[in-house]
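*Asks:* Before anything else, here's the structure in question.
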Amino acid sequence: MKKLPQRNYEDENTLFINLIDTLKKQNRSQDEINAIKKAYYFARNAHQDQVRKSGNPFIIHPLNVAITLINLNADQDTICAGLLHDVIEDTGISAEEIKNKFGKEVCSLVEGVTNLSRLKFVSKKEHQAENFRKFFLSIASDLRVVLIKLSDRLHNMHTLKHLPELKRQKIASETLEIFAPLANRFGLGYFKWRLEDLSFKYLEPEAYRRIEKMVKENRSNREAYLQTLTELIGEEIRDIYSNAQISGRVKHFYSIYGKIKRLKTEEIFDLLALRIIVEKERQCYEVLGVIHDLFQPIPGRFKDYIAIPKSNMYRSLHTTVIGPDKKLVEIQIRTLEMHNIAEYGIAAHWKYKEKGESVTSQGSYDLKLSGLRKKLIEMQEELPDAAEYNKAVKIDIFADEIFIFSPKGDVYCLPRGSTPIDFAYYVHSEIGNKCIGAKVNERLLPLSYILRNGDIVEIQTSKNAHPSLDWLTFVKSGSAKTKIKQWFRKNRRSDYIQKGYDDLQESLDKAQLDEILKKDIFKELLEIFHAPSEEEFFFKIGIGEIASRQVIGRLKQKKLIEEKKAETEEELLESRIAKNKKAQGEVQELKDLMHSFAKCCQPIPGEEIIGAISRTKGIVVHRKDCPNVQKVEAERLLKISWGETIPTNQLFIKTIQIECVDRIGISRDILDKIANQKVNLLNIKILKAQLKDLAIMRITLQIKNLKELNSLINSISMLSDIIQIRRI
1018 MKKLPQRNYE DENTLFINLI DTLKKQNRSQ DEINAIKKAY YFARNAHQDQ VRKSGNPFII
1078 HPLNVAITLI NLNADQDTIC AGLLHDVIED TGISAEEIKN KFGKEVCSLV EGVTNLSRLK
1138 FVSKKEHQAE NFRKFFLSIA SDLRVVLIKL SDRLHNMHTL KHLPELKRQK IASETLEIFA
1198 PLANRFGLGY FKWRLEDLSF KYLEPEAYRR IEKMVKENRS NREAYLQTLT ELIGEEIRDI
1258 YSNAQISGRV KHFYSIYGKI KRLKTEEIFD LLALRIIVEK ERQCYEVLGV IHDLFQPIPG
1318 RFKDYIAIPK SNMYRSLHTT VIGPDKKLVE IQIRTLEMHN IAEYGIAAHW KYKEKGESVT
1378 SQGSYDLKLS GLRKKLIEMQ EELPDAAEYN KAVKIDIFAD EIFIFSPKGD VYCLPRGSTP
1438 IDFAYYVHSE IGNKCIGAKV NERLLPLSYI LRNGDIVEIQ TSKNAHPSLD WLTFVKSGSA
1498 KTKIKQWFRK NRRSDYIQKG YDDLQESLDK AQLDEILKKD IFKELLEIFH APSEEEFFFK
1558 IGIGEIASRQ VIGRLKQKKL IEEKKAETEE ELLESRIAKN KKAQGEVQEL KDLMHSFAKC
1618 CQPIPGEEII GAISRTKGIV VHRKDCPNVQ KVEAERLLKI SWGETIPTNQ LFIKTIQIEC
1678 VDRIGISRDI LDKIANQKVN LLNIKILKAQ LKDLAIMRIT LQIKNLKELN SLINSISMLS
1738 DIIQIRRI
């Protein structure tokens, strides 16, 4: 597949001539050419009185879209749909007329693109979420809609300068957030890089100009360097691989910008990239060996995407080497087919498929596309709530990926940041539900462990096990979160309905809550929080999807509950606190005030703390990150801190939980560490572990401060058989 032209056609006749010439060069049949001509004349007539913001006739836009599609080697129906894609939306032409003149396929594609064009992604949150769902389901119905929509968006981005500033920002933001990741997901590198750079230009104009200047300033030196490097490599490989193609380029601006932000420096050395294209897959590895003989490779910078392709079927070898003059250069090695799929994704795939080439590899590509369509539709069935669907798609479909192996060698692609729980649910829902532990690279590790590329994960299960709500705090994938919640909906629903009712009643008295349940406002609350019934509303509060303080906030907005007496007491407490700001002691602001330390998080000096006003216990001191603090209304929270001096003989109770390999002598080793730190041990409890080779110890200590606790934890962690230590 040849490189797409970069010329910016503005003349209709020139565009049309170019379109026909390209079709002829591709040896398209006369019937195909006639059908595409028919679509052009129809679109031209429909848009004859319309003008773009640039001042050009409207037909210039669909012509540019069609030329992009032709160069992607799209089929006849897709090209016709590209020419007609704005006809239904912007003229009086009906879908029925399109169907009668151009057939069912073309009509379906035009309607698909029209439906996407009508969706507005920057709007009220709930409407935006619903539009995302419609968007992804439209894509799932026919992937050719992706090609047309991306071609449409690319030309619109090239003409963005003619729109008002606010409109430019909106479209550029939408492009960067939705359309560039979409292009990447389908392996359309040609669209991805251009959409990212064009969006970057309008969203961060100063940064864009700075990088553009940085690249231009060294252009002549860079081109000379790449030429030298190309000749040096060419001398080594062209005698063996006469058809090898070597080309150099500077990385795309948005890619450079991402690296600058990531490394927090503008001194980026590996701006240069070299691509080597050979005939056969075996030659990729042979050329890699030649490159590593010529130049020193950078450890950790080699990636084999041929053996393990990305989920969008991108295949290539990547290595970074120290080139002449000690400059870093990234080198990609691939076959021509791999290159075309890297650039043109599904379009290149269809081209090879039509020619009957690489049937086996393309079969795997078909499987990937089919799997993606299936996943989009399955997520629609599993996630009736549009906001949840939107979030899950963004994480599961567009997230950066890692590749994880099962002990049998099967490869699984997961979102970056996934844990063993994500992996378990990806393999099967029941494996996730019954998970009790995980071995990563043959070592027992916590279920919250963040997996890395290439990890081998073995999930351990028990028939009596079930999910934990704590998992929701660390799992990454939307599908895993959904399946955990589904289990609780099915098996613990009544418990969490009651919990939700109790949580809300803690913030209101029972009489107030019962009164609100009788009013029409409760129906409004159900709509606001996307709860179809009273039971679902309280279940969502119980499971943590809705916070009680959100409900209270809505009720206060509607003036359905009055400010309570406790708030007046709070003002009194705050005035007393203000008078004691200079006090020193246990907790600086609470001297002479009734207060206690929360048993749930057991705060100690050195940790950030916050006060929660209780109606019966005065002020309860929590760790700032205590989960229970999230359930307290903001009006009942007070900013507090430890005193400047804490008596050296004052001790605080703290409990730690240790997970370790169950072996003879492990308890003695842990107790020795505690004794060496001169920490007073109050209690030790051995908990039942579900894994035979795992032990769980809960130890209660008297600690002076956070520094002493961390020192003890670090000391115990040095023992080789310790898996995890956490504070209770």
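With my numbering applied, the sequence shown corresponds to residues 1018 to 1745, in that order. Glycine residues also receive a C-beta, built at the ideal position from the N, C-alpha and C atoms.
Taking the DSSP output, what are the residues bridged to residue 1637?
*Replies:* If you number the sequence shown from 1, residue 1637 lands on position 620. Note: residue 1637 sits in a beta bridge opposite 1613 and 1629.
*Asks:* Can you name, in chain order, every residue of its own chain whose Cβ lies under 6 Å from the Cβ of residue 1206, other than the five neighbours on each side?
*Replies:* Within the sequence shown, the letter at position 189 stands for residue 1206. If we look at residue 1206 and ignore the five residues flanking it on each side, its Cβ neighbours are 1359 and 1360.
*Asks:* For residue 1736, which residues in the same chain have their Cβ closer than 6 Å to its Cβ, ignoring the five residues on either side in sequence?
*Replies:* Position 719 of the sequence shown, counting from 1, holds the residue named residue 1736. Excluding sequence neighbours, residue 1736 sits near 1686.
*Asks:* Grab me the residues of residue 1307's own chain with a C-beta within less than 7 Å of its C-beta, minus the 5 sequence neighbours each way, in chain order.
*Replies:* The residue you call residue 1307 lines up with position 290 of the sequence shown. Excluding positions up to five away in sequence, the list reads 1253 and 1254.
*Asks:* Hey, would you say residue 1087 sits closer than 8 Å to residue 1039, going by beta carbons?
*Replies:* Residue numbering aside, residue 1087 sits at position 70 when the sequence shown is read from its first letter. Residue numbering aside, residue 1039 sits at position 22 when the sequence shown is read from its first letter. Yes; because the gap between Cβ atoms is below 8 Å, this pair is in contact.
*Asks:* Who are the near neighbours of residue 1730 in its chain, counting only those whose CB is closer than 6 Å to its CB and skipping five residues on each side?
*Replies:* By one-based count along the sequence shown, residue 1730 stands at place 713. The residues are 1742.
*Asks:* Which of helix, strand or coil does DSSP assign to residue 1131?
*Replies:* On the sequence shown, residue 1131 is found 114 positions in, with the first residue counted as 1. In this structure, residue 1131 counts as helix in the three-state DSSP scheme.
*Asks:* Whole angstroms is fine: what's the gap from residue 1593's alpha carbon to residue 1568's?
*Replies:* Numbered from its first residue, the sequence shown carries residue 1593 at position 576. Numbered from its first residue, the sequence shown carries residue 1568 at position 551. At residue 1593 the pLDDT is 45, less than 50, meaning the model places this residue with poor confidence and gives no usable figure here.
*Asks:* Report back the beta-carbon spacing between residue 1437 and residue 1468 to the nearest angstrom; my notes put them in contact at under 8 Å.
*Replies:* Sequence index remark: in the sequence shown, residue 1437 carries index 420 (1-based). Sequence index remark: in the sequence shown, residue 1468 carries index 451 (1-based). That belief holds up - the Cβ atoms of residue 1437 and residue 1468 are roughly 7 Å apart, short of 8 Å.
*Asks:* Using CA atoms only, rank isn't needed, just tell me which of 1353, 1122 and 1111 is closest to residue 1093.
*Replies:* As a working mapping, residue 1093 is identified with position 76 in the sequence shown. Closest by alpha carbon: 1122.
*Asks:* Grab me the residues of residue 1128's own chain with a C-beta within less than 6 Å of its C-beta, minus the 5 sequence neighbours each way, in chain order.
*Replies:* To locate residue 1128, count along the sequence shown from 1; it is residue 111. For residue 1128, where only same-chain residues beyond five positions count, the Cβ hits under 6 Å are 1112.
*Asks:* Name the one or two DSSP bridge partners that residue 1515 has.
*Replies:* Counting from one through the sequence shown, the residue named residue 1515 turns up at place 498. Per DSSP, none; premise fails for residue 1515.
*Asks:* Relative to the alpha-carbon of residue 1300, which residue among 1738, 1259, 1106 and 1506 has its alpha-carbon at the smallest distance?
*Replies:* As a working note, residue 1300 is residue 283 in the sequence shown. Ranking the options by Cα distance to residue 1300, first place goes to 1259.
*Asks:* Can you name the start and end residues of the beta strand (DSSP E) that residue 1714 belongs to?
*Replies:* For the purposes of this step, residue 1714 is taken as the residue at position 697 of the sequence shown. It spans 1711 to 1720 - the beta strand (DSSP E) in which residue 1714 sits, taken as one unbroken run.
*Asks:* Just curious, the alpha helix (DSSP H) that residue 1057 is in, first and last residue?
*Replies:* As a position in the sequence shown, residue 1057 is number 40, starting the count at 1. It spans 1047 to 1063 - the alpha helix (DSSP H) in which residue 1057 sits, taken as one unbroken run.
*Asks:* From residue 1640 to residue 1462, what does the alpha carbon distance come to, in whole angstroms?
*Replies:* Stepping through the sequence shown from its first residue, residue 1640 is reached at position 623. Stepping through the sequence shown from its first residue, residue 1462 is reached at position 445. Taking the straight line from one Cα to the other gives about 27 Å.
*Asks:* Ends of the beta strand (DSSP E) at residue 1432?
*Replies:* Your numbering for residue 1432 matches position 415 in the sequence shown. Unbroken beta strand (DSSP E) run through residue 1432: 1428 to 1432.
*Asks:* Give the range of the alpha helix (DSSP H) segment to which residue 1301 is assigned.
*Replies:* By 1-based counting over the sequence shown, the position of residue 1301 is 284. Note, residue 1301: alpha helix (DSSP H), 1298 to 1311.
*Asks:* Provide the residue span of the beta strand (DSSP E) that contains residue 1703, from first to last.
*Replies:* By one-based count along the sequence shown, residue 1703 stands at place 686. Note, residue 1703: beta strand (DSSP E), 1697 to 1704.
*Asks:* Is residue 1457 helix, strand or coil by DSSP?
*Replies:* Counting from one through the sequence shown, the residue named residue 1457 turns up at place 440. Strand, per DSSP.
*Asks:* Do you know offhand how far residue 1464's Cα is from residue 1445's?
*Replies:* One-based indexing of the sequence shown puts residue 1464 at position 447. One-based indexing of the sequence shown puts residue 1445 at position 428. Taking the straight line from one Cα to the other gives about 16 Å.
*Asks:* In the region 1177 to 1250, which residue ranges form an unbroken alpha helix (DSSP H) of at least 4 residues, counting only runs that do not cross its ends?
*Replies:* Qualifying alpha helix (DSSP H) stretches, in chain order: 1182 to 1191, 1197 to 1202, 1206 to 1220 and 1222 to 1234.
*Asks:* Leaving aside the five residues before and after residue 1757 along the sequence, list all residues of the same chain whose C-beta is less than 8 Å from its C-beta, in chain order.
*Replies:* There is no way to answer for residue 1757, as the model of the chain reaches only from 1018 to 1745.
*Asks:* Ordered along the chain, which non-local residues of its own chain (more than five positions away) have a Cβ less than 8 Å from that of residue 1269?
*Replies:* Working through the sequence shown from its first residue, we reach residue 1269 at position 252. Cβ neighbours of residue 1269 beyond the five flanking positions: 1210, 1213 and 1214.
*Asks:* With DSSP as the reference, please indicate the residues paired to residue 1290 in a beta bridge.
*Replies:* Counting from 1 along the sequence shown, the entry for residue 1290 is found at position 273. Answer is 1266 and 1347.
*Asks:* Let me check one thing: in DSSP terms, what residues is residue 1422 bridge-paired to?
*Replies:* In the sequence shown, residue 1422 corresponds to position 405, counting from 1. Residue 1422 pairs with 1428 and 1473.
*Asks:* Cα separation between residue 1345 and residue 1335?
*Replies:* Here residue 1345 refers to the residue found at position 328 when the sequence shown is read from its first residue. Here residue 1335 refers to the residue found at position 318 when the sequence shown is read from its first residue. The straight-line gap from Cα to Cα measures roughly 13 Å.
*Asks:* Straight-line CA distance for residue 1384 to residue 1330?
*Replies:* Stepping through the sequence shown from its first residue, residue 1384 is reached at position 367. Stepping through the sequence shown from its first residue, residue 1330 is reached at position 313. Residue confidence is low: residue 1384 scores 45 on pLDDT, short of 50, so the model does not pin down where it sits. No coordinate-derived value is stated.
*Asks:* Leaving out five residues on either side along the sequence, give the residues of the same chain with a beta carbon under 7 Å from the beta carbon of residue 1320.
*Replies:* Here residue 1320 refers to the residue found at position 303 of the sequence shown. Within the same chain, residue 1320 has close Cβ partners 1335.
*Asks:* Given 8 Å as the limit, is there contact between the region 1499 to 1519 and the region 1554 to 1567, that is, 3 or more CB pairs closer than that?
*Replies:* Because the criterion of three Cβ pairs below 8 Å is met, the region 1499 to 1519 and the region 1554 to 1567 touch.
*Asks:* Helix or strand or just coil, what does DSSP make of residue 990?
*Replies:* Since the first residue of the chain shown is 1018 and the last is 1745, residue 990 is not available in this structure.
*Asks:* Can you have a look at residue 1201 and say buried or exposed, based on whether 16 or more other CB atoms are within 10 angstroms of its CB?
*Replies:* Residue numbering aside, residue 1201 sits at position 184 when the sequence shown is read from its first letter. So residue 1201 counts as buried.
*Asks:* Any idea what DSSP makes of residue 1643, helix, strand or coil?
*Replies:* Reading the sequence shown from its first residue, position 626 is the one you call residue 1643. In this structure, residue 1643 counts as coil in the three-state DSSP scheme.
*Asks:* So, with DSSP's three-state summary, where would you put residue 1654?
*Replies:* In the sequence shown, the residue the question calls residue 1654 occupies position 637. If DSSP states are grouped into helix, strand and coil, residue 1654 belongs with the strands.
*Asks:* Going by beta-carbon coordinates alone, are residue 1653 and residue 1627 separated by less than 8 Å?
*Replies:* Counted from its first residue, the sequence shown places residue 1653 at position 636. Counted from its first residue, the sequence shown places residue 1627 at position 610. The answer is no: Cβ separation not under 8 Å.
*Asks:* Return the chain-ordered list of same chain residues with a C-beta closer than 8 Å to the C-beta of residue 1710, the five sequence neighbours on each side being excluded.
*Replies:* Counted from its first residue, the sequence shown places residue 1710 at position 693. Here the set comprises 1461, 1678 and 1679.
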